[in-house]
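Student:
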Amino acid sequence: MTGTMTADTSDTADLVFLPLGGAGEIGMNLNCYGYGPADARRWIIVDCGVLFGRETSTPGVDLMMPDVRFLEEVREDILGLILTHGHEDHLGAVAHLWPRLRCPVYATPFTARLLHDKLEEAGLEERVRVKIVPLGGAIRLGPFALEFISITHSIPEPNALAIRTPLGTIVHTGDWKLDPDPQLGEVTNDAALRRLGEEGVLAMVCDSTNALVPGESGSEAEVRRSLIRLIGSLKGRVAVTAFASNVARLQSVAEAAQAAGRELVLVGRAMRHMVNCARDTGYLKKFPRVLPEEQGAELPADHVLYLCTGSQGEPRAALARIAADEHPYVNLGEGDSVIFSSRIIPGNELAIFELQNQLAAKGIAVLTERDHFVHVSGHPARDELAQMYAWVKPRVAIPVHGELRHMSEHARFARELQVPEAVVALNGQMVRLAPGRAEIVDETPSGRLHLDGRMLVHEDDGFARARRSLSYAGFIGVTLVLDRKGRLAADPALHIEGIPEPVLEPVREAVARAANGKRARDEDLQETVRLAARRAANEVWGKKPIVRVQIVEI
Ligand SMILES: [Zn+2]
Ligand SMILES: [Zn+2]
Numbered sequence: 020m021t022g023t024m025t026a027d028t029s030d031t032a033d034l035v036f037l038p039l040g041g042a043g044e045i046g047m048n049l050n051c052y053g054y055g056p057a058d059a060r061r062w063i064i065v066d067c068g069v070l071f072g073r074e075t076s077t078p079g080v081d082l083m084m085p086d087v088r089f090l091e092e093v094r095e096d097i098l099g100l101i102l103t104h105g106h107e108d109h110l111g112a113v114a115h116l117w118p119r120l121r122c123p124v125y126a127t128p129f130t131a132r133l134l135h136d137k138l139e140e141a142g143l144e145e146r147v148r149v150k151i152v153p154l155g156g157a158i159r160l161g162p163f164a165l166e167f168i169s170i171t172h173s174i175p176e177p178n179a180l181a182i183r184t185p186l187g188t189i190v191h192t193g194d195w196k197l198d199p200d201p202q203l204g205e206v207t208n209d210a211a212l213r214r215l216g217e218e219g220v221l222a223m224v225c226d227s228t229n230a231l232v233p234g235e236s237g238s239e240a241e242v243r244r245s246l247i248r249l250i251g252s253l254k255g256r257v258a259v260t261a262f263a264s265n266v267a268r269l270q271s272v273a274e275a276a277q278a279a280g281r282e283l284v285l286v287g288r289a290m291r292h293m294v295n296c297a298r299d300t301g302y303l304k305k306f307p308r309v310l311p312e313e314q315g316a317e318l319p320a321d322h323v324l325y326l327c328t329g330s331q332g333e334p335r336a337a338l339a340r341i342a343a344d345e346h347p348y349v350n351l352g353e354g355d356s357v358i359f360s361s362r363i364i365p366g367n368e369l370a371i372f373e374l375q376n377q378l379a380a381k382g383i384a385v386l387t388e389r390d391h392f393v394h395v396s397g398h399p400a401r402d403e404l405a406q407m408y409a410w411v412k413p414r415v416a417i418p419v420h421g422e423l424r425h426m427s428e429h430a431r432f433a434r435e436l437q438v439p440e441a442v443v444a445l446n447g448q449m450v451r452l453a454p455g456r457a458e459i460v461d462e463t464p465s466g467r468l469h470l471d472g473r474m475l476v477h478e479d480d481g482f483a484r485a486r487r488s489l490s491y492a493g494f495i496g497v498t499l500v501l502d503r504k505g506r507l508a509a510d511p512a513l514h515i516e517g518i519p520e521p522v523l524e525p526v527r528e529a530v531a532r533a534a535n536g537k538r539a540r541d542e543d544l545q546e547t548v549r550l551a552a553r554r555a556a557n558e559v560w561g562k563k564p565i566v567r568v569q570i571v572e573i
C-alpha cells in the first residue's frame with residue numbers, strides 16, 4: 020500500500036471502509052470493507068459498477084470503471100464481491116474487472132440473472148462463481164456476517180446489507196428510497212432496520228444522490244395512476260420511453276396501455292431483454308401480451324402503445340431511430356405523443372433536448388416530468404434520509420453515491436439529525452471505522468479505467484485527452500527531407516487532418532524557416548519545427564493543433 024498518511028502499523032485488528040468508485044461522482048460504485056491487522060486485512064467488496072463515457076470529455080470511451088490496482092494487490096485476501104442490485108452503476112463492471120479480482124460473487128436472483136447474461140456475453144459464465152442469495156438471506160465471509168435486507172428503489176430486488184463484524188455492525192444501504200407501494204417486489208423491511216438500530220449500529224454507508232432534495236421521492240403507485248389518466252386522455256399513437264430496468268414502471272405503462280385499449284409493443288433490445296429477465300425470475304406475472312413491432316405498425320393509431328428504450332437520447336436506441344425516421348416498423352408523426360417517463364441524467368441534457376426537438380419538428384407532442392407527473396426518483400429525498408437515520412441510529416454516517424456537494428450536504432444533514440460522527444471520504448480514502456473515532460487513515464491508488472473499444476486503459480495514459488485535443492484543433496504531420504549536410508533537400512511536406520486550408524501556407528513557411536535555420540541534432544530540430552508550426556497556426560487561426568514532425572535523411 021502506498022500510504023501518504025500514517026497507516027496503522029499495530030497488529031491489532033481494525034475495521035476500515037474504502038470507496039474506490041462512486042464517492043465524489045455519480046456512477047461506477049465500488050466499496051470495500053476490510054477487517055484485520057493493517058498489514059493482513061481481509062476484504063469484501065460491495066458492488067462493481069460503471070459510468071458511461073461522454074463524447075465531449077472522453078471521446079471514443081464507452082464505459083469507465085474504477086481502477087482496482089489496490090484490490091489486485093490484496094487479491095488473495097478478498098473473500099467475495101456482493102452486489103446490492105442490478106443497476107449498471109453497481110454491476111456493470113463485473114464482467115470487465117472480475118479477471119483482476121477472481122473472487123466469488125453474491126447476488127439475489129434477479130441481479131444474478133442480469134449478471135449471468137453479461138458474463139455470458141464476455142465468455143466468463145463458466146469461470147465466475149455466482150452464488151445466488153435468497154431475498155432476506157444471510158452469508159458468512161470470514162469475519163463478516165452479512166444479512167440482505169429488502170429495500171425499495173427503481174429496479175427489482177434492491178438490497179441493503181447489514182455487515183456484522185467483531186468490531187461492530189455496518190449498515191450499507193445500497194441505492195434506496197422509501198416507497199410504501201412500489202408495485203413490484205418487497206416493501207422496505209423497516210422492522211429489520213429498526214432491530215439493527217436497537218442492537219446498535221457502528222456506521223451507516225448511505226446513498227447521497229438526492230441529499231439536496233427536500234421532502235419525499237414519491238411512490239410508483241402515484242406514477243401508475245397518473246400514467247393511466249394521462250395515456251387515457253391521448254389520441255393518436257403513443258410512445259413511452261423509460262429506463263428498461265425500472266420493471267415496475269414497465270408494468271405501470273403496460274397497465275395504462277391496457278386501460279386505454281391499446282396493444283403493447285416493446286421497442287429496443289434492452290426493453291425486451293429486461294422483460295424476459297423479470298419474467299424468468301418470477302416478476303411481471305400479470306404483464307399483458309406484447310405484439311411484435313411489425314404487427315404494431317398495422318394497428319389503428321389509437322390502439323397502439325410503444326414502450327421504447329432511449330430516454331437519455333442514446334443515439335443507437337429505439338427512440339433516436341424513431342425520431343430520425345430510421346426505424347423499420349415504428350412511424351410517429353403529427354398528432355402522436357411521446358412520454359419521457361424518466362429523468363435527465365446529468366450530462367445527457369444536450370442529447371435529450373436534441374431528440375425532443377427532432378420529435379417536436381415532426382409534430383409529435385413531447386410530454387416530460389417537467390409538465391406531467393410521469394416519473395419519481397429511486398433515491399431518498401431528505402425526509403426519507405431522516406427516517407432512515409431515525410431507524411438505524413448509526414454512530415458514524417458515511418455518505419457515498421454522490422458528487423462531493425451531495426456527500427458534504429448529506430454529512431451536514433446527518434449531524435443535524437444528531438448522528439455523532441460523519442466522515443466524507445472520496446475514492447481511495449480509507450476510513451478507519453473502529454476502534455476509536457472514525458477518521459481517514461490512509462490513501463490508496465484510485466482513479467478510472469476507460470473501456471476504449473475492447474481495451475481497458477488507464478485514464479492517465481492520456482488517450483482520451485489526446486483525442487479531445489484532436490477533436491478541438493486537428494492534426495498536422497510534417498515531413499522534412501534533409502541532405503547529408505542537414506539542409507532541407509525539398510519543400511517540407513505537410514499532412515493535415517481537421518485544419519482549415521488557410522492555415523496551411525503560413526505553417527509551411529514557418530516550418531521551412533525553422534528547419535533552414537537549424538543545424539542541430541534530430542530531436543532538437545523536431546522540437547523546434549513542431550513549436551514553430553504550432554505558433555504559426557496559432558497566429559493565423561487562434562488554435563494550436565497537435566503537430567508531429569518526421570525527418571527523412573537522404
Ligand atoms: Zn446507483
Ligand atoms: Zn440503483
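In terms of the numbering used here, the sequence shown has 431 at position 412, counting the first letter as 1, and numbering is strictly consecutive.
Virtual Cβ for every residue (Gly too), placed ideally from N, Cα, C.
In whole angstroms, what is the alpha-carbon distance linking C122 and P177?
Tutor: 22 Å
Student: Can you tell me the Cα-Cα spacing of V559 and L523, whole angstroms?
Tutor: 10 Å
Student: Distance, Cα to Cα, F392 vs N229?
Tutor: 18 Å
Student: Is DSSP giving L404 helix, strand or coil here?
Tutor: helix
Student: Compute the Euclidean distance between the alpha carbons of I417 and A131, then round it to the nearest angstrom.
Tutor: Straight-line measurement puts the Cα of A131 at about 27 Å from the Cα of I417.
Student: Do L37 and G447 count as a contact pair if the criterion is CB distance below 9 Å?
Tutor: yes
Student: Which residues share a DSSP beta bridge with K196?
Tutor: In DSSP, K196 forms a bridge with T171.
Student: Got a sec: does ligand 1 put a non-hydrogen atom nearer than 8 Å to the Cβ of N178?
Tutor: No, ligand 1 has no heavy atom inside 8 Å of this Cβ.
Student: Would the stretch 411-428 and the stretch 209-220 be scored as touching if the rule is three or more Cβ pairs under 8 Å?
Tutor: yes
Student: Alpha carbon to alpha carbon, how far is A222 from V442?
Tutor: 10 Å
Student: Can you round the beta-carbon distance between D502 and I573 to whole angstroms, since I take them to be within the 8 Å contact cut?
Tutor: 6 Å
Student: Please report how far the alpha carbon of E107 lies from the alpha carbon of E44, in whole angstroms.
Tutor: Taking the straight line from one Cα to the other gives about 14 Å.
Student: Is the beta carbon of K381 less than 9 Å from the beta carbon of A342?
Tutor: yes
Student: Give a single yes or no on whether D194 has its beta carbon closer than 8 Å to a heavy atom of ligand 2.
Tutor: yes
Student: On the DSSP bridge list, what partners appear for C225?
Tutor: P418
Student: Starting from the Cα of G120, find the closest Cα among E140, E145, R88 and give me that residue.
Tutor: Correcting the residue identity first, residue 120 is Leu in this sequence and not Gly. For L120, the nearest C-alpha among the options comes from R88.
Student: In terms of alpha-carbon separation, which member of I459, V568, R298 lies closest to V497?
Tutor: V568
Student: Which ranges does the beta strand (DSSP E) cover as unbroken runs of at least 3 residues, wholly within the stretch 343-401, from first to last along the chain?
Tutor: 356-359, 384-386
Student: What residues in its chain sit with their C-beta under 6 Å from that of G329, if we drop five residues either side in the sequence?
Tutor: T260, A336, A337, L338, A339
Student: By the three-class DSSP mapping on this structure, what secondary structure does N535 have?
Tutor: helix
Student: Whole angstroms are fine: how far does the CA of T188 sit from the CA of R60?
Tutor: 17 Å
Student: What residues are listed by DSSP as bridge partners for Q569?
Tutor: Per DSSP, the beta bridge partners of Q569 are T498.
Student: Just to confirm before moving on: does the CB-CB distance between D136 and C296 stay below 9 Å?
Tutor: yes
Student: What three-state label does DSSP hand E458 in the structure shown?
Tutor: strand
Student: As an exercise, report each continuous alpha helix (DSSP H) stretch of at least 4 residues that is fully enclosed by the stretch 228-273, in chain order.
Tutor: The DSSP assignment places complete alpha helix (DSSP H) segments of no fewer than 4 residues inside the stretch 228-273 at 239-251, in order along the chain.
Student: Does the separation of the CB atoms of G68 and L100 fall below 9 Å?
Tutor: no
Student: Can you check whether the CB of D471 is closer than 9 Å to the CB of V35?
Tutor: no
Student: Count the other C-beta atoms from every protein chain shown that fall within 10 angstroms of the C-beta of T25, then say buried if there are 16 or more, exposed otherwise.
Tutor: No answer about T25 holds up, because its pLDDT of 49 lies below 50 and its placement is not dependable.
Student: Where L70 and A492 are concerned, what is the direct C-alpha to C-alpha distance, given to the nearest angstrom?
Tutor: 27 Å
Student: Determine, using beta-carbon pairs with one atom in the stretch 232-251 and one in the stretch 159-170, whether at least three such pairs fall under 8 Å.
Tutor: no
Student: Flag this pair as yes or no: are the beta carbons of T300 and P128 separated by less than 9 Å?
Tutor: For T300 and P128, yes; Cβs fall inside 9 Å.
Student: Just checking I174 against ligand 2 - is the residue's beta carbon closer than 8 Å to any of the ligand's heavy atoms?
Tutor: yes
Student: Taking the beta strand (DSSP E) that F36 belongs to, which residues open and close that run?
Tutor: For F36, the enclosing beta strand (DSSP E) begins and ends at 33-40.
Student: How is I101 classed by DSSP in three states: helix, strand or coil?
Tutor: strand
Student: Thinking A534 and L513 are a contact (beta carbons under 8 Å), I'd like their distance in whole angstroms, please.
Tutor: Contact annotation, A534 with L513: C-beta distance approximately 12 Å; criterion of less than 8 Å not satisfied.
Student: Should T21 go down as buried or exposed, given a rule of 16 or more other Cβ atoms within 10 Å for buried?
Tutor: The predicted model places T21 with a pLDDT of 44, which falls under 50 and marks its position as unreliable; any figure quoted below should be read in that light. That one is exposed.
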